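Structure record follows, encoded as structure tokens.
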Amino acid sequence: MKEPGPDHPITITKNPHRIRVMLGGFIVAETTQALTLQEATLPPVQYIPRQDVHMDLLDPTEHRTHCPYKGDASYFTVNGGGLVRENAAWSYEEPSPSVAAIKGHLAFYPEKMDAIEEFED
């Protein structure tokens, strides 16, 4: 595994706001415990604790990817309001030690969901 560094920084910070993920009029996830992962020049990603995700709306898929910095990602199809979005969420079940904080969290592709909203409480 590669380690984050000056050439490829990764930071993980607690997001102080409420994050809500919507699909088909359904709240798929909602939390005040999200972690914001910022990787190099990529857009920030909100990682939501599994207990704040309506896992009954997600089905695991066979799709897998590997990130040399974070590890192996598992994917989920998201269902909501009659809409089905394949491989719209992912999780690092055993992330590399440098990003261990995201273990037990899921992230969602913004372009596959209706909205990923952020509210100040």
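Okay, so the sequence shown: first residue is 1 according to full-length UniProt numbering, each after it adds one. We treat Cβ as the ideally placed atom computed from N, Cα and C, and that holds for glycine. In this text, all values refer to a predicted model and were calculated from it rather than measured experimentally.
Residue i, enclosing beta strand (DSSP E) - first and last residue
{"i": "Glu118", "result": "Ala115 to Phe119"}
{"i": "Val99", "result": "Premise fails: Val99 is in no beta strand (DSSP E) and is neither H nor E."}
{"i": "Arg20", "result": "Arg18 to Leu23"}
{"i": "Lys14", "result": "Ile10 to Lys14"}
Buried versus exposed, by CB contacts within 10 Å (16 or more), residue i
{"i": "Pro68", "result": "exposed"}
{"i": "Ala89", "result": "buried"}
{"i": "Leu37", "result": "buried"}
{"i": "Gln46", "result": "buried"}
{"i": "Gly71", "result": "buried"}
{"i": "Thr41", "result": "exposed"}
Length of the line joining the Cα atoms of residue i and residue j
{"i": "His54", "j": "Ala29", "result": "6 Å"}
{"i": "Asn79", "j": "Glu62", "result": "16 Å"}
{"i": "Ala107", "j": "Pro6", "result": "24 Å"}
{"i": "Gly104", "j": "His17", "result": "19 Å"}
{"i": "Val84", "j": "Met22", "result": "12 Å"}
{"i": "Asp121", "j": "Ile48", "result": "17 Å"}
{"i": "Glu118", "j": "Lys2", "result": "31 Å"}
{"i": "Thr65", "j": "Pro44", "result": "19 Å"}
{"i": "Glu86", "j": "Gln51", "result": "21 Å"}
{"i": "Tyr75", "j": "Pro60", "result": "6 Å"}
{"i": "Thr13", "j": "Thr31", "result": "15 Å"}
{"i": "Glu111", "j": "His8", "result": "24 Å"}
{"i": "Gly24", "j": "Glu39", "result": "29 Å"}
Rounded distance between the beta-carbons of residue j and residue i, thought under 8 Å
{"i": "Leu35", "j": "Ile102", "result": "6 Å"}
{"i": "Ser98", "j": "Pro4", "result": "5 Å"}
{"i": "Ile116", "j": "Ile19", "result": "7 Å"}
> Whole beta strand (DSSP E) runs in the UniProt domain "DUF427" (19-111) with 3 or more residues, listed along the chain?
Replying inline: 26-31, 35-39, 45-49, 58-67, 71-80, 83-91 and 105-108
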